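Chains as they are written, first to last, in the numbering used here: chain V, 1 to 538; chain U, 1001 to 1538; chain A, 2001 to 2538.
Following: one structure in structure tokens, then a few remarks.
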Amino acid sequence: MADEPKPDPAGIATGLSVDAQSPSGTFVTSAPAELSADDQKDPDKVKAYTDAKKAFDEYTAQAKLEPLAVKLSDSVGHNRVSINFVWTLITGFLVMFMQAGFALVETGLCRAKNAGHTMSMNFMIYPLGMLGFYLCGFAFMFGGLGPIGTMGGYAGLNKELGFHIGDKFIGLLGWKGFLLQGAGYDSAAFALFLFQMVFMDTTATIPTGGAAERWKFSAFMIYGACIGTIMYPLFGNWVWGGGWLATLGSNFGIGHGHVDFAGSSVVHMQGGVIALIFAWLIGPRYGKYNKEGKIVHPIVPHSIPMAMLGTFILAFGWFGFNPGSTLAGTDLRIAVVAVNTMLASATGALAATLWMWWVRTKKPDPSMMCNGMLAGLVAITAPCAFVSAGGASILGAVAGIIVVESVFFFDKIGIDDPVGAISVHGVNGAWGCLSLGLFADGTYGEGWNGVSGTVRGLFYGGGMNQFWAELIGVSACFVTLTILSLIVYYIAEVLAGGNRVSLDVEIEGLDVPEMGIPGYSGMMLDKDAETPHVGQRH
Amino acid sequence: MADEPKPDPAGIATGLSVDAQSPSGTFVTSAPAELSADDQKDPDKVKAYTDAKKAFDEYTAQAKLEPLAVKLSDSVGHNRVSINFVWTLITGFLVMFMQAGFALVETGLCRAKNAGHTMSMNFMIYPLGMLGFYLCGFAFMFGGLGPIGTMGGYAGLNKELGFHIGDKFIGLLGWKGFLLQGAGYDSAAFALFLFQMVFMDTTATIPTGGAAERWKFSAFMIYGACIGTIMYPLFGNWVWGGGWLATLGSNFGIGHGHVDFAGSSVVHMQGGVIALIFAWLIGPRYGKYNKEGKIVHPIVPHSIPMAMLGTFILAFGWFGFNPGSTLAGTDLRIAVVAVNTMLASATGALAATLWMWWVRTKKPDPSMMCNGMLAGLVAITAPCAFVSAGGASILGAVAGIIVVESVFFFDKIGIDDPVGAISVHGVNGAWGCLSLGLFADGTYGEGWNGVSGTVRGLFYGGGMNQFWAELIGVSACFVTLTILSLIVYYIAEVLAGGNRVSLDVEIEGLDVPEMGIPGYSGMMLDKDAETPHVGQRH
Amino acid sequence: MADEPKPDPAGIATGLSVDAQSPSGTFVTSAPAELSADDQKDPDKVKAYTDAKKAFDEYTAQAKLEPLAVKLSDSVGHNRVSINFVWTLITGFLVMFMQAGFALVETGLCRAKNAGHTMSMNFMIYPLGMLGFYLCGFAFMFGGLGPIGTMGGYAGLNKELGFHIGDKFIGLLGWKGFLLQGAGYDSAAFALFLFQMVFMDTTATIPTGGAAERWKFSAFMIYGACIGTIMYPLFGNWVWGGGWLATLGSNFGIGHGHVDFAGSSVVHMQGGVIALIFAWLIGPRYGKYNKEGKIVHPIVPHSIPMAMLGTFILAFGWFGFNPGSTLAGTDLRIAVVAVNTMLASATGALAATLWMWWVRTKKPDPSMMCNGMLAGLVAITAPCAFVSAGGASILGAVAGIIVVESVFFFDKIGIDDPVGAISVHGVNGAWGCLSLGLFADGTYGEGWNGVSGTVRGLFYGGGMNQFWAELIGVSACFVTLTILSLIVYYIAEVLAGGNRVSLDVEIEGLDVPEMGIPGYSGMMLDKDAETPHVGQRH
């Protein structure tokens, strides 16, 4: 194409005069587009054109009188774009560190005899998922994104596959930026890749918890090859890449479309649904249930310090996750996003703790403290930019109660999720999106997804419209990921000769048989205490 | 009030022309305030007014000739404020991560049988403290702060309670920003909240070390509800919120008032004094002392790797703590602050190690390596911006020796502080403030606390004035927190039916009785080796 | 000297009009230097002078018409410099956190009975190395650097010792900035110190892995005193401080000189060579080899979770290491650097895992997952800014295979490196530099080391020139550090009465004899399983 945007791999020409922006508007006044013959008959359009033309002429005339100011505006624009690059990259680094948090939470909540295996899954998913996203996932998800506005406006990722209903475009999949070559070899595109890759890898590592302590490493590797390539990017494109859920509002008037600021559905619920399907299909761990499906041997975490360190790392990384999702350090709403994130994590942790202590087990259970905090974080992820501190606190507290009840529920119906991944990420991912439709207070989100006005939920006079958009997104997430998970599970079943290790391996612990060496060596473990032989088999 | 500053929750109108500042001054020249009838009789004031008026008129005239430059200055100001937001938030995130560091240091230095309990206290203090600070602590501490200068100058937090002595205002408590509503719902106020909340939570988590291995979880929770609401914010307001210690200089000519750049007194000494009172009242751990008060069974850390990882995390987070306290990435002193912080941590660690090795136990004790580094960090926290690299190195080394001797001292007098919290945070917090009065070299701090001139200590020709201001602050901290700690301890004593667990629970380990599950499971622990039954009871 | 640059300790005068830069150039047009009598006879030089003079006169005339724009440019320049300070400091903080990563990787890969000792070495090297670098190492390495361009251009570090060959200056050692006093007490110099100190400490902590589990703590301390003072800064000056390897290109036309963007040779290979010499001289651990030099008892890691957490921390910190090495957040290539770093870590980890699984041991070995990721990271460190995503992926994969084979090789020849430090940092440090000479794609590096044109390697049409420059640097690194290591090893041998602990201590574990307390207490360890008595002695 003749006028394809030119990639700028060195970032030298990124950030110019047009990026000099402030609360009072952009520095540069651009020339209006010429009117078509039809438009020239519309007096309103003619008036708008004339006004814009006059402003442009005035700017042009004044610019000749102030060449130094114009020259300086290039520096100002470059500074602005640099601030946004720095913000996006550093917050992205924080999100990457969440991989360590997940690894520790999951390993800490599992048994010592499986520590090496659980840790290794959480470790390998990072490179595996990344390389799939690099190969094609990024292109599928963001290949049709359009201009990367906050980072200089590079518009080379401009090919979205889809179809038309009347004059409305229904986007389904991006198709540019494969292997970060060609149009993808641009500094802004790379910054976007980094930030989005670590989001994908967050999703990717969630199911390793749901299927932990019995998942064959080779089967896990096959899943790992699928998550970054196609499982994650599809729904991701629909919400964040310009696909049909993003345009529900502009196309069909349903709120601002499915709004998910930082990924309650895109990241967490996707991971939670996969965890649900995998935990369900792979079956519960040996020894936990008897033949009648009653829990006879609750399996306790092998290291609370490890799980809590992991939770702190996650809460730390979430300050990258949510505030970073502006992709702009110059969007000062970042402070509100960060505080909301913090508050929801606090009310989630406190609510879950007190709910356990006062209502459920009569003890302030440490593992539920962790899951309560994570539940609050997952829930605030979608609405973090749109709600007040009070809204964040309330929806976080609700998340803390939901997660406790959900954990007990899945335990009861025999879906054995060693770390609570389904409840934390799946159930509260859904709750987070829905809560946006209730608590969005109308102070932010002007023009979101191309719909004028701010984002406003039911409790702030916005009606049910935004709630429906959220519900549609959540439903689409559930259905799509269920299907994809089933497919990938059975692919792994065939290619790896089953997803589950043998019973002998499970009883011994997966570390030595699967990974070759124990997770802990030189420390005396007490394996029998961990899994009594109750004579039950699945 | 008619002209209350308007909060800007979306941050859209924050950062404008007036924020365009540089070494050569502000871009905008403001109109001078009109002179009163009295002032018009003072020829100096008339001259100053005339000059300022002339500068303003010239600026106004020139601004008409350079409308684009004026417009551009909005973008420049917004960039500047954005840099400061980004800096404040990211450094605040680093400080939040210190919660994990404290959790690991304290848990690592305690025994394996209490690992879950110690970790859980450090975990829950984060949400508990936060919610109290959100409820009212922030309003108490910063409700009368005045303009948030580096982040756009929002001035909505403008109500300080206090009284007058003559024409001097003595501030005691802020009274605005409760629940971050109303005047509090502003992006700059939220950024300030985030940064200050994580500081408060640092204080909050210190006493969990001093009272570790015997503190009832319910009693701890009551303390947790008090720390963020009122224990921390009171003294905090006096030093950082515009209260009487900050105005000691402008009101009474005592140096620059009590100067504490990043919290040697506000954060660390407050925590250390609480730890002292609680460790003293709750009594030593069973088995450590015999009936005559002699140490018969030194209790060793259960995990040096855990304690050292925690120390590294703290040293890492301190780069948020100290340099972030400028609240401005555009204050380039941040580099000096960061390096001073680093150097004091190094000399503290090295001095403590060599002091132990050559003078005390003849071994390079790993737990004292940690406490030495932390002591250096605590000490440099107040003076970090005001001293040279040499000053930082010396005062850090002194801190390293102080901490060793202080640990031995408190051990000797029977105040059992399992992690050294009193010595690290209390004693060295005081030393840090006092050292500012000695080592401040006069290169920074122009106009600090409204007092003209830079901050200068005894060794750099500043006389004793600043030292007295530091001493007054340190004394006020000790007295105030002693009283508050006594009150809160006895409130918990009543509400929780005692602060201390039963002896049986203490011997078994607090994990299962208090938290419901063990901290470690599937690993064989050696509890007897940890606490021999020496027949001693408190 | 009369016209020595004036240090700016408060950073108040740093960042001015001249720093206002953008893709379209600098804002200020400076006056050209007057021509000498000789130059005035050269018509080209006269023409260039006349043009530059005209541009300067036009700028000067226009500046009089736009005083506000000129004034504003100060703010713009200060913003730019502030962005660079913020970037350099925060990425430096991330690098500092890598100390924790190294500590965990090394301790996790060692045995439980040596956990306290291994951890303590990794802990103490941080302050020890730092203080040596502060004392003289920084002055040796950067004392002749010249202007710190991205941070305001402070030029006080301007004394490089060396000699001339004809008119070519051969730099050998810097000589300014000792103790950060005098010319060193400047905010930009402090920022540079911070960033470079944490790099030095990365090197410093590498050999503690190679000589782990048998190194006397006192001997280690002597090494620690040498690394930051002189071992690291010498080669460092040659590559990054303006020394002879940096000027290989401008002096002798060999590529762009030895190019090492973030330290494959300066940081990693230096550490790896020291590790090699020390591991070789100190001899293998007792029990691993029999008298014939065959491995009879492979020693396995005591904690895979610890090693993997450490690796994640390192991978996280590397986002400071590589992108931070621009010293500029306004150089938007940072996004490419970050993504390349990430991709090479992924292909390294995956390649090493699959190579072990399919070729070597038939198991996806967790410790080799870690070393594979680290190998990819080490290799990409030199070329990260100069290669494409594809190049990064390929060279990272090669690193993953190299590290496996290298570990087996050193094991076979009887050089016992408990953590793989030699293979990860030494061998792949060399590979990283060489790969730059192959994969540099010519999109970046214009004017690097004073050589015009971008950096281009063999595979992108750049010929062998850059490869030779890399090979010369790598060879110089190997020779220089081998000599320095031998000297330091024998100094420690004499001063500490040997580098190696006694056999009794080694069998018992170094923790209690060397450090006074065990690394783990209250947990039952299984020391016999860790080191069977095979009757072999060295």
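Glycine is no exception: its CB is placed at the ideal position from the N, C-alpha and C atoms.
The structure presented is a predicted model; accordingly, all values stated were derived computationally and were not measured.
Original post:
For U/Asp1417, does the three-state DSSP call read helix, strand or coil?
Top reply: Reduced to three states, the DSSP call for U/Asp1417 is coil.
Original post:
Would you report the Cα separation of U/Glu1084 and V/Leu436, rounded to the nearest angstrom?
Top reply: Reading off the sequence, residue 1084 of chain U comes out as Asn, not Glu. Cα to Cα, the separation comes out at about 29 Å.
**OP:** Indicate whether the contact test is met: 3 or more Cβ pairs, each with one atom in the region 223-231 of chain V and one in the region 478-488 of chain V, closer than 8 Å.
**Re:** Touching, yes.
Original post:
Cβ of A/Tyr2489 versus every heavy atom of the ligand FAD: is any distance shorter than 7 Å?
Top reply: With respect to the ligand FAD, the structure shown offers nothing to examine, as it has no ligands at all.
Subject >> Closest by C-alpha distance to V/Leu343, when choosing among U/Phe1142, U/Gly1132 and U/Pro1043 >> reply: For V/Leu343, the closest of U/Phe1142, U/Gly1132 and U/Pro1043 by C-alpha to C-alpha distance is U/Gly1132.
**OP:** Look at the Cβ atom of V/Phe539, then the Cβ atom of V/Leu438, and state whether they are nearer than 8 Å.
**Re:** Beyond the ends of chain V as shown, which are 1 and 538, falls residue 539 of chain V; an answer cannot be given.
Subject >> Reduced DSSP secondary structure (H/G/I, E/B, other) of V/Phe163 >> reply: It is a strand residue.
Original post:
For A/Thr2088 versus A/Gly2324, is the C-beta distance shorter than 8 Å?
Top reply: With contacts defined as CB atoms closer than 8 Å, A/Thr2088 and A/Gly2324 qualify as a contacting pair.
**OP:** Specify the secondary structure class of U/Phe1169 as computed by DSSP and reduced to three states.
**Re:** In the structure shown, U/Phe1169 sits in a strand (DSSP, three-state: E or B).
**OP:** Could you tell me if U/Ser1036 is buried or exposed, where buried requires 16 or more neighbouring beta carbons within 10 angstroms of its beta carbon?
**Re:** So U/Ser1036 ends up on the exposed side.
Original post:
From A/Glu2493 to V/Ser75, what distance separates their C-alpha atoms?
Top reply: Cα to Cα, A/Glu2493 sits roughly 57 Å from V/Ser75.
Original post:
Is there contact between the region 2044-2055 of chain A and the region 2086-2104 of chain A, where contact requires at least three CB pairs shorter than 8 Å?
Top reply: They do not touch, by the three-pair rule.
Original post:
Does the beta-carbon of A/Phe2278 have 16 or more other beta-carbons within 10 angstroms, so that it is buried, or is it exposed?
Top reply: Looking at its Cβ environment, which holds 16 or more other Cβ atoms inside 10 Å, A/Phe2278 is buried.
Original post:
Skipping 5 residues on each side, what residues in its chain have a beta carbon closer than 7 Å to that of A/Gly2162?
Top reply: Beyond the five residues adjoining it in sequence on each side, A/Gly2162 comes within less than 7 Å, by CB distance, of Phe2169, Ile2170, Gly2171 and Leu2172 in the same chain, given in chain order.
Original post:
Roughly how many angstroms lie between the CA atoms of V/Leu180 and V/Phe190, to the nearest whole one?
Top reply: The C-alpha of V/Phe190 is placed about 8 Å away from the C-alpha of V/Leu180.
Subject >> DSSP state of V/Gly257 mapped onto helix, strand, coil >> reply: In the structure shown, V/Gly257 sits in a strand (DSSP, three-state: E or B).
Original post:
For the 8 Å Cβ check, are there 3 or more pairs between the region 1216-1228 of chain U and the region 1194-1207 of chain U?
Top reply: Touching, per the Cβ criterion.
Subject >> Residue of A/Gly2224, A/His2078 and A/Gln2062 minimising C-alpha distance to A/Val2488 >> reply: Measuring from the Cα of A/Val2488, the nearest candidate turns out to be A/Gly2224.
Original post:
Counting only beta-carbon atoms, is V/Ser521 nearer than 8 Å to chain A?
Top reply: Using a Cβ-Cβ cut-off of 8 Å, V/Ser521 counts as an interface residue toward chain A, since at least one Cβ of chain A sits closer than that to its own.
Subject >> Sequence-distant residues of the same chain with beta carbon closer than 7 Å to V/Trp357, five excluded per side >> reply: The answer, listed in chain order, is Lys363 and Pro364.
Subject >> U/Gly1143 versus U/Leu1276: straight-line alpha-carbon distance, rounded >> reply: When only Cα atoms are considered, U/Gly1143 and U/Leu1276 end up about 29 Å apart.
Original post:
Among A/Arg2500, A/Val2105 and A/Gly2522, which has the Cα closest to the Cα of A/Pro2513?
Top reply: Of A/Arg2500, A/Val2105 and A/Gly2522, the smallest CA-CA separation from A/Pro2513 is found for A/Arg2500.
Subject >> Assigned exposure category for V/Met151 - 16 Cβ within 10 Å defines buried >> reply: It counts as buried.
**OP:** Counting only the same chain and skipping the five closest in sequence on each side, list residues whose C-beta sits under 6 Å from that of U/Ser946.
**Re:** With chain U covering only 1001 through 1538, there is no way to say anything about residue 946 of chain U.
Subject >> Spatial neighbours of U/Val1339 in its chain, beta-carbon cut-off 7 Å, leaving aside the 5 residues before and after >> reply: So the list reads Ala1389, once near-sequence residues are dropped.
**OP:** With 8 Å as the threshold, decide whether the Cβ of A/Phe2027 is near any Cβ in chain U.
**Re:** For A/Phe2027, the nearest beta carbon of chain U is not closer than 8 Å to its own beta carbon.
**OP:** Report yes or no: is there a C-beta of chain U within less than 8 Å of the C-beta of V/Glu514?
**Re:** It does not; no Cβ of chain U falls within 8 Å.
Original post:
For the putative contact between U/Phe1199 and A/Phe2093, defined by C-beta atoms under 8 Å, what is the C-beta separation to the nearest angstrom?
Top reply: Separation of the CB atoms of U/Phe1199 and A/Phe2093 is rounded to 17 Å, and the pair is thereby denied contact status at 8 Å.
Subject >> CB contact below 8 Å: V/Leu16 versus chain U >> reply: Chain U, which has no Cβ nearer than 8 Å to the Cβ of V/Leu16, makes this no.
**OP:** Quick one: residues in its chain with C-beta nearer than 7 Å to the C-beta of V/Val545, no 5 flanking neighbours on either side, listed in chain order?
**Re:** There is simply no residue 545 of chain V to check, as chain V begins at 1 and stops at 538 in what is shown.
**OP:** Identify the continuous alpha helix (DSSP H) that holds A/Arg2080 and give its terminal residues.
**Re:** Following the DSSP letters along the chain, one finds A/Arg2080 inside the alpha helix (DSSP H) bounded by residues Pro2067 to Leu2109.
Original post:
Got a sec: is the Cβ-Cβ distance from V/Glu66 to anything in chain A below 8 Å?
Top reply: Residue-level contact by beta carbon holds for V/Glu66 and chain A, with a gap shorter than 8 Å.
Subject >> Cβ-Cβ distance between V/Thr341 and V/Cys370 below 8 Å >> reply: V/Thr341 places its beta carbon 8 Å or farther from that of V/Cys370.
Original post:
Under 8 Å between C-beta atoms, does A/Pro2127 make it to chain U?
Top reply: It does: the Cβ of A/Pro2127 has a partner Cβ on chain U nearer than 8 Å.
Original post:
Tell me which same chain residues have a C-beta within less than 6 Å of the C-beta of U/Gly1011, skipping the five on either side of it?
Top reply: Only Ser1187 meet the Cβ criterion.
Subject >> Within-8 Å CB hit, V/Gly11 to chain A >> reply: For V/Gly11, the answer is yes, since a Cβ of chain A falls inside 8 Å of its Cβ.
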